[in-house]
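**Student:** Numbering (our numbering), first residue to last: -18 to 242.
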Amino acid sequence: MAEWTIERAADELLNRESRTRDGGRITDLWPELDLDTAYLVQDTLLGRKTGAGERVVGAKLGLTSHAKQQRMGIDSPLTGWLTDAMRLPAGEPVALDRMIHPRVEPEIVFTMGERLSGPDVTPERALGAVASVHAGFEVIDSRYRDFSFALPDVVADNASSCRFVVSPVSLPADALDLAAETCRLSVDGETVATATGAAVQGHPAAALALAANSLARRGLAIEAGWTVLTGGLTDAVFLGPGVTVTAEFGALGTLALTGAV
Ligand code: 0L1
Ligand code: MG
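#1: As a quick check of your reading: which residues have a C-beta less than 6 angstroms from at least one non-hydrogen atom of ligand 2, in chain order?
#2: Label Ala(-17) either buried or exposed according to how many other C-beta atoms from any shown protein chain fall within 10 Å of its C-beta, with 16 as the threshold for buried.
#3: What does the alpha-carbon distance come out to for the pair Asp220 and Gly240?
#4: Within 10 angstroms of its Cβ, does His184 collect 16 or more other Cβ (buried), or is it exposed?
#5: Would you say the beta carbon of Val135 is closer than 7 angstroms to some non-hydrogen atom of ligand 1?
#6: Assuming Leu(-6) contacts Ala137 under a Cβ cut-off of 8 angstroms, what Cβ separation, rounded to an integer in Å, is found between them?
#7: Indicate the three-state DSSP secondary structure (helix, strand or coil) for Phe130 in the structure shown.
#8: What residue does the beta strand (DSSP E) around Ala262 start on, and which one ends it?
#9: Could you tell me if Thr235 is buried or exposed, where buried requires 16 or more neighbouring beta carbons within 10 angstroms of its beta carbon?
#10: Give me the DSSP bridge partner(s) of Ile246.
#11: If you count every other CB in all the chains shown that lies within 10 Å of the CB of Asp169, and 16 or more means buried, which is it?
#12: With Cys164 and Leu210 assumed to form a contact (beta carbons below 8 angstroms), what rounded beta-carbon distance in angstroms separates them?
#13: Can you tell me which of Ala161, Gly72, Leu63 and Gly34 puts its alpha carbon nearest to the alpha carbon of Thr225?
#14: Tell me which residue opens and which closes the beta strand (DSSP E) that Val120 is part of.
#15: What is the DSSP secondary structure of Glu73, reduced to helix, strand or coil?
#16: Inspect the CB distances between the segment 99 to 114 and the segment 54 to 69 and report whether three or more fall short of 8 angstroms.
#17: Please report how far the alpha carbon of Leu191 lies from the alpha carbon of Ser123, in whole angstroms.
#18: Within 10 angstroms of the Cβ of Leu10, are there 16 or more other Cβ atoms? Answer buried if so, exposed if not.
#19: Following a CB-centred definition, is Thr80 positioned closer than 7 angstroms to any heavy atom of ligand 1?
#20: If you reduce the DSSP assignment to three classes, tell me which class Arg52 lands in.
#21: Going by DSSP, which residues form a beta bridge with Tyr125?
#22: Would you identify the three-state DSSP class for Gly28, choosing helix, strand or coil?
#23: Does the distance from the C-beta atom of Leu233 to that of His115 stay below 8 angstroms?
#24: What do you reckon, is the C-beta of Phe145 under 7 angstroms from a heavy atom of ligand 1?
#25: Can Met53 be considered in contact with ligand 1, in the sense that its beta carbon sits closer than 7 angstroms to one or more heavy atoms?
#26: So that I know if they touch, is there some Cβ in chain D lying closer than 8 angstroms to that of Val146?
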């Protein structure tokens, strides 16, 4: 069997995604895969997608809340990329046929007004670069069986990214108390979780600062116009055909998403 390389790992994950098939942890086969190398796999995977015509439109944070960290057994936040192919219009049924085992999580989403470049970005500076705040959903999908992975695996897999939806309702950051912003998540009308914005690193702006500082370590920045998903406020819920997931936010409005039948 050929040696594991960054290119081989990226191809393996892309192959699983395009064939809608999951598989085992790459770290079981390539135990030397460390975090820095995993981000190189993630960037190589992105390069394959942009080479095929996709456009980078933003960044996502993952595992920023205690609920998500506890569920996945990993206590370190991570970042991933968003492309235009991942964006779904709000209010339309979500086609599930290209997904392996999709889950949905409610998120507070920023649209950036200015470039945000680390290091040493504070939450205050981060919030100053935000043009508008929205409710959003992330549909996550892991290319690993049963969402079972170690941190380098999930980093290489672009933080389980799949699709995202941003509410058309927007507010300026200074019109909101984002740490206190409430969110009630329900599935087919039954409440399954509640949270406030403080669930995400104490304040979603702290998550944004974390992303900027983390990208700066790789010589990268958050660009003006980008969308930034700050991380699931609650644990993610399964999305199946005909299942409707609703997130009722306090000031940011209500957003619903249904799996296409
Ligand atoms: O839940 C997961 O698959 C962990 C990766 C990060 C996903 C997220 O929090 O957006
Ligand atoms: Mg997420």
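In this text, a Cβ means the ideal position worked out from N, Cα and C, and glycines have one as well. In this text the structure is predicted, and so the values were computed from the model without any measurement.
**Tutor:** Considering the structure as presented:
#1: Lys41, Gly43, Glu86, Glu88, Glu119, Ile121, Leu210, Gly212 and Gly213
#2: exposed
#3: Checking the sequence shown, residue 220 turns out to be Leu, not Asp. Roughly 6 angstroms between the two C-alpha positions.
#4: buried
#5: yes
#6: 6 angstroms
#7: coil
#8: The requested residue 262 is not part of the displayed model; the chain covers only -18 to 242.
#9: exposed
#10: Since the first residue of the chain shown is -18 and the last is 242, residue 246 is not available in this structure.
#11: exposed
#12: Going by Cβ atoms, the distance from Cys164 to Leu210 rounds to 14 angstroms, so no, they are not a contact pair.
#13: Gly72
#14: Val111 to Ile121
#15: coil
#16: no
#17: 23 angstroms
#18: exposed
#19: In the sequence on display, residue 80 carries Met and not Thr. Answer for Met80: no, Cβ out of range of ligand 1.
#20: helix
#21: Gly4
#22: helix
#23: yes
#24: no
#25: yes
#26: Note that chain D does not occur in the displayed structure, where there is just one protein chain.
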